[in-house]
Amino acid sequence: MSSGGVEAQPVRRGRVGWLTRTQQLLLALLGLIAAALVTGMLVLTTSMLDQTEVLSDQQELTEAIVDGNVRTLAQVQREVLRLDLLLQETPLDRPAVRLQGALVAQRVQEGSLPHQLQTLQSQDLLDRAQALHRQWEQDLEPLLRTALRGSPSQSRAAADTLSEALAEVELAYNELVSDGENNRKAVAGEANRESQSMVDKAQDLVLGLLLTIAAIALLVAVLGVTFSTFHRQRERAAQTLRDLNSELRKHAHVVAATDNMVVITDAEGLVDWVNPAFERRTGYRLAEVRGRTPGSVLQHDDVDPATVDLMRTAVREGRSFSAEVLNHAADGTAYWVFLEVNPLHDQDGSVTGFVAVESDITERRSAEALLRRAKDAAEETAREKSNFLASMSHEIRTPLNAVLGLTDLLLLTDLDSDQREYVRTAHTSGRLLLALVNDILDFSALESGRIELEQRPIALHDLLTDTVGMFDSEARRKGVALGLDLATDVPTHVLGDETRVRQVMVNLLGNAMKFTDTGRVALTARVGDEPLPGVDGPVLELAVRDTGLGIRPDNLDRLFQPFTQEDASTSRKYGGTGLGLAICRLIVERLSGTIEVESRLGEGSTFLVRLPLVAARPEPARSRPSSTTYGHVSDLRVLLAEDDEVNQKVARHMLGRLGIRPVVVADGDEAVRAVLAEEFDVVLMDVHMPGTDGVEATHRLHEHLAPHERPWIIAVTANALEGDREKLLSHGMDAYLSKPVQLEALHHQLVLARVASGAPPLPDPVAEGPAQGPAQGPAQGPAQGPTEAVPAPAGEPETLLDPADPDAFVRRTGLQDGELYAALLRELSAQATRLTAHGDERDRSSLRGDATTLLGAASTSAAPALVQASLALREACVSGADLDETVRRVRQEGTRLRAWVERQPAPV
Amino acid sequence: MTTTTRLAPAVLLAALLPLTACGGDDDPSGDAAAATDSLGPGIERVADATLVPGDDVPAPDGKTVLTLTGVPVTNVGDTLALDRETLQQIGMVEYTVDDRQAEGRDVVFTGPLVRDLLAVAGVEEGDGTTLHTVALNDYSVDVPIEDAYELPVMLAVLADGEPMSVARYGPTRFVYPTEGFDLDPTVYDPRWIWQLATIGVE
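These protein sequence lines are chains A and B, in that order. Per our numbering, the first sequence starts with residue 113, numbered consecutively. Per our numbering, the second sequence starts with residue 976, numbered consecutively.
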């Protein structure tokens, strides 16, 4: 049986049956009206009963009034008076008297009838009337008879007596009449009152009737309204039901057709219903899961307990939630679902169940895992690439430096023209190679965005002037005019990265110089008109114009791409790495600027760099942080004691290459005199001099000067026999060089001497380097090879050196990549550890080689302490001294270096 | 079934017939002796008329007890004077009434019907409108002439078989039936004139 076809939810019943508030009100109203009606009816009925009572009372009274007749008594009075009158006559008119008597008799009798009670309204009065009747019959009628039948005198007497009596009787009847009349009045009054009350009651009745009618009318109206309301409501409810049902059908279709699994549970989370997709995916039919929680069916032990907790809590609290859960189908296969669960509420807001929509995300998850792995792999590759590049550059640079140095020296010696040619070519190639390596590293760093650019105040005018000045000699040599045009509105100081700006300008000027044989190369700086896209504020425009070869139009587009030069012939002719402009572009873009070129073949080119211009106040001059800068010996005051002129010349040249102009003396005596006269940092003491030789001179210097006053004495000797060194050192020489002196060795010893003599640190080495060639940026020349080392001078106390000098590293290599530096240092310390692992077992010569390598690496990596230690080890290997101490020191420095690296904050 | 439904209307008609016979008109002239009960409940004819309308009415021998004026038949001047004997010749009826106004008890009165008297006096139905009655004690009341024709109003001459003295509300009095006619006291009580002296037909 399919579980499709959703049943419509039953109509939720409220607490007061199915009546709405309106309906309740109407019903109440109806009740009220009904009550009013009933009351009205009761009032009416009572009133009507009252009425009938009053009516009957009244009827009695009026009947009395109708029946009563005061006239009768008044008539008695009249007849009595008439009789009395007749009786007064003399003689008596007997027939008249008889008739009148009869009339009186009749009236008196009539007056005493019980019938008269109606009139008199009082038994008392009737009694009086009846008494009077008796009085007539008993007392007066006999007198009348006597008056009628007796003798005249008898009759007269009787008549008189009768007349008197009649007067009383008449009076009595008069009173009776009055009293009776009063009674009648009272009765009439009461009858009136009764009438009045009847009228009132009638009015009440009418009112009651009206109210009842009104109530009935109201009832009808309310009933009508109620019915129409009920009807409307029913209609509305029916319509709502129809709408709901159609909605429901729509939703049911969706739920039945979707591929997403839908589960409906009750408030406790027990399954009520599942859709076909659920059955398909899980393999469980509705009947199998109904009444159980989905979790109990689908989730096995491998489900994440935290997720289970989350779900359980949410169900308990009746909240929505979503989660990723590992489920198992009926056949045991595992799959991941993304659950979205929402509670269902009834009209009162209490939770009646949950709806869960589940989508199968198994594939997505594995895709995610793959992606993550790929990303990790890619990052790893990138890291490895960087490390590779860094170490490669070091590996390449080291021998390159050697090549360059040696070819330089070779050029100083006597060579025939062919040899000179070969050597020159070799040297040039070496230079180019080095430049290429530097550029590749730079480019790679820039492209990967690992370069951090400074925002410091730059002395712009000075920088531009210096940069142009760098090409002075070349311009003069080529016969090309060189100009700098600074607009007046260009500020003297701006914010930016001085190194990079200089790098770009040197590159562009170098190119211009390279490709211009005649005419002019000019650098112009002005404040631009057009704003930079996406950047507010003024724009600094730096343009390098030349009147050189120009660039072919089709090559213009690719100019700023790496490794394009116009053609192979150009690169062969003009040299260059092909990365210069690409690096410029990257730098300029990182600075939020633009670089463009305009060129006409044969006429010249203009390279325009536009950068955001932010004027700055000049940085107050402050001393650069002191750090032991080694390799820079140009400030040493050197005394050269050499008698041979050729050697003198060579030495002078070499020292010149190191930026030193020595004082030259030809023998020992002069040397001593010179030292005592002036302060020197270093004495290059040729051992074999006529007259006082070097040794002798050294002795004397030791005698005359205290250790701290004495200059560093380096013995220069041709003899390199075993034991020579010891002898020399024992004579008080501080170090020695063997001829022919290699520039490298010379430099090395001078550096040693520097530290040993405690010479003050040098200013920025950038200022000292001569023109290095157009394609080289801030990278130092080959002279600054791996020979920079500061070992502890023999016999002197050790100065504790820094494990690493990042500033020097940056200055030397231009690489500001902290992560790279850290990697280098880590590798270096590992190297140190490896070297010292089997230190005591190894033979000296191989150990010496390793120490040299370590030395080179330490020096490249600007790790002074390790440089010193490895130098010491190498010395020990050479001199045959005890190795244990030096090996231990190397190991120590390696560890210290490692610790230093780990202590550093995370590289940017 | 069908026979019953056909007979039903006939049966119904037959049943209704006797009802129509009842409540027939009073026929004052002729058949009076045969239909005394038609005058009213308990009303009897006790003496046939020997003085019938059209006859001359002799002048009274005895004392005139009643005088009619405004009537065609006269015997004394332009009035019709009647004594007890003459009155009793007109033809008398007799019935009992509740005489609460006068004697205060039921009394059997005997005397001619007023309509008979009027007929004898030559007054035909349709003549005149009012009987202006006056009593010995100056009481007077106008009785509508229809009373005489519609009701068995009696000119009573005997009360309980005896002639009435003045003291006993005589010599003659108008008597109305108190049974079977449901007369409104307010209207008819004053018309019970006693000690009647004259009737003026107007």
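Virtual Cβ for every residue (Gly too), placed ideally from N, Cα, C. All figures in this text were calculated on a predicted structure; none of them were measured in a lab.
Original post:
Residues of chain B with CB under 7 Å from H227(A), in chain order?
Top reply: Within 7 Å Cβ-Cβ: R1075, Q1076, G1079.
**OP:** Just the chain B side, please: which residues come within less than 9 Å of L215(A) by C-beta, in chain order?
**Re:** Near L215(A) (Cβ distances below 9 Å), the residues of chain B are L1111, N1112, V1141, A1142, Q1170.
**OP:** Sort V549(A), T604(A), I563(A), L598(A) by Cα distance to A571(A) and report the nearest one.
**Re:** The shortest Cα separation from A571(A) among V549(A), T604(A), I563(A), L598(A) belongs to T604(A).
Subject >> Buried/exposed call for T394(A), threshold 16 Cβ in 10 Å >> reply: It is buried - the Cβ of T394(A) has at least 16 other Cβ atoms within 10 Å.
Original post:
Is R1148(B) closer than 8 Å to W1167(B) when the C-beta atoms are compared?
Top reply: Yes, Cβ-Cβ distance for W1167(B) and R1148(B) is below 8 Å.
**OP:** Please name the residue in N619(A), L565(A), L751(A), V1002(A) whose C-alpha comes closest to that of R702(A).
**Re:** By alpha-carbon distance to R702(A), the top candidate from N619(A), L565(A), L751(A), V1002(A) is L565(A).
Subject >> Within-8 Å CB hit, Q171(A) to chain B >> reply: Chain B contact via Cβ: absent.
Original post:
When the cut-off is 8 Å and only beta carbons count, does E282(A) lie next to chain B?
Top reply: Not an interface residue.
**OP:** On a CA-only basis, which of T464(A), V758(A), A857(A) is nearest E429(A)? Give me that one, please.
**Re:** Comparing Cα-Cα distances from E429(A) to each of T464(A), V758(A), A857(A), the minimum goes to T464(A).
Original post:
By the criterion of Cβ-Cβ separation under 9 Å, what are the contact partners of E249(A) in chain B?
Top reply: The premise fails here: E249(A) is roughly 11 Å from chain B at the closest Cβ pair, so nothing lies under 9 Å.
Subject >> Helix, strand or coil at A364(A) according to DSSP, with G and I counted as helix >> reply: Reduced to three states, the DSSP call for A364(A) is helix.
Subject >> C-beta atoms of G595(A) and T630(A) nearer than 8 Å >> reply: No; because the gap between Cβ atoms is not below 8 Å, this pair is not in contact.
**OP:** For L840(A), collect the residues of the same chain with a Cβ closer than 8 Å to its Cβ; drop the 5 residues on either side in sequence, then sort them by chain order.
**Re:** So the qualifying residues of the chain are V799, V807, A827, T829, Y848.
**OP:** Have a look at L936(A), E1014(A), D955(A), R946(A) and flag the residue whose alpha-carbon is nearest the alpha-carbon of E507(A).
**Re:** Comparing Cα positions, the closest option is L936(A).
Original post:
Quick one: is Q218(A) near chain B, going by C-beta distance under 8 Å?
Top reply: True, the Cβ-Cβ gap to chain B drops below 8 Å.
Subject >> Minimum Cβ-Cβ distance from E201(A) to chain D less than 8 Å >> reply: Going by chain labels, chain D is absent from the structure shown, which instead holds the protein chains A and B.
Subject >> N-terminal and C-terminal residue of the alpha helix (DSSP H) that D1164(B) is part of >> reply: Where D1164(B) is concerned, there is no enclosing alpha helix (DSSP H), because DSSP gives it neither an H nor an E.
Original post:
Of all the CB atoms in chain B, is at least one closer than 8 Å to the CB of E276(A)?
Top reply: For E276(A), the answer is no, since every Cβ of chain B falls outside 8 Å of its Cβ.
Subject >> Which listed residue (L1088(B), V1083(B), L1093(B), A1172(B)) has its alpha carbon closest to that of V1032(B) >> reply: In this structure, L1093(B) is the residue among L1088(B), V1083(B), L1093(B), A1172(B) with its C-alpha nearest to the C-alpha of V1032(B).
Original post:
Which of helix, strand or coil does DSSP assign to F1156(B)?
Top reply: Under the three-state reduction of DSSP, F1156(B) is assigned to coil, being neither helix nor strand.
**OP:** If I'm right that Q1170(B) touches L1111(B) with Cβ under 8 Å, what's the distance once you round it to whole angstroms?
**Re:** Their Cβ separation, rounded to whole angstroms, is 4 Å, which keeps Q1170(B) and L1111(B) in contact under 8 Å.
Original post:
Which same chain residues, not among the five before or five after Q1063(B), have their C-beta less than 7 Å away from its C-beta?
Top reply: The beta carbon of Q1063(B) sits closer than 7 Å to those of A1022, V1132, all from its chain and outside the five residues before and after it, given in chain order.
Original post:
Can you tell which of L855(A), T810(A), K851(A) has its C-alpha closest to the C-alpha of H843(A)?
Top reply: With distances taken between Cα atoms, H843(A) lies closest to T810(A).
**OP:** Within 10 angstroms of the Cβ of N439(A), are there 16 or more other Cβ atoms? Answer buried if so, exposed if not.
**Re:** Its Cβ being crowded by 16 or more others within 10 Å, N439(A) is buried.
Subject >> alpha helix (DSSP H) segments (min. 4 residues) lying fully within the segment 610 to 658 of chain A >> reply: Counting only runs of 4 or more, we get 610 to 627.
**OP:** Starting from the beta carbon of L187(A), find every residue of chain B whose beta carbon is closer than 9 Å, and list them in chain order.
**Re:** Here residue 187(A) is Gln; the residue named in the question, Leu, does not match the sequence. Per Cβ cutoff of 9 Å: N1112, Y1114.
Subject >> Residue from I145(A), E838(A), Q228(A) with nearest C-alpha to L185(A) >> reply: Ranking the options by Cα distance to L185(A), first place goes to Q228(A).
Subject >> Cβ pair count under 8 Å reaching 3, the segment 144 to 153 of chain A against the segment 320 to 334 of chain A >> reply: With the cut-off at 8 Å, the segment 144 to 153 of chain A and the segment 320 to 334 of chain A touch.
Subject >> Residues that DSSP places opposite L1055(B) in a beta bridge >> reply: Among the bridge pairs identified by DSSP, L1055(B) is matched with L1043(B).
Original post:
Unbroken alpha helix (DSSP H) runs of length 4 or more, entirely within the segment 495 to 566 of chain A: which are they?
Top reply: The segment 495 to 566 of chain A contains these whole alpha helix (DSSP H) runs: 529 to 559.
Original post:
Anyone know if the C-beta pair for D162(A) and K297(A) falls short of 8 Å?
Top reply: The beta carbons of D162(A) and K297(A) sit no closer together than 8 Å.
**OP:** Would you verify that the beta carbon of L244(A) is, or is not, closer than 8 Å to some beta carbon of chain B?
**Re:** No, its Cβ sits nowhere closer than 8 Å to a Cβ of chain B.
Original post:
Can you give the Cα-Cα distance for M153(A) and L139(A), rounded to whole angstroms?
Top reply: Between M153(A) and L139(A), the C-alpha separation is close to 21 Å.
Original post:
Among E653(A), V721(A), L635(A), E480(A), which has the Cα closest to the Cα of T659(A)?
Top reply: Closest option to T659(A), Cα to Cα, is L635(A).
Original post:
Can you name the residues of chain B whose CB is closer than 9 Å to the CB of L211(A)?
Top reply: Ordered by position in chain B, the residues that pass the 9 Å Cβ test against L211(A) are L1111, V1141.
**OP:** Compare the beta carbon distance of S958(A) and A970(A) with 8 Å and say whether it is the shorter of the two.
**Re:** Contact flag unset, no.
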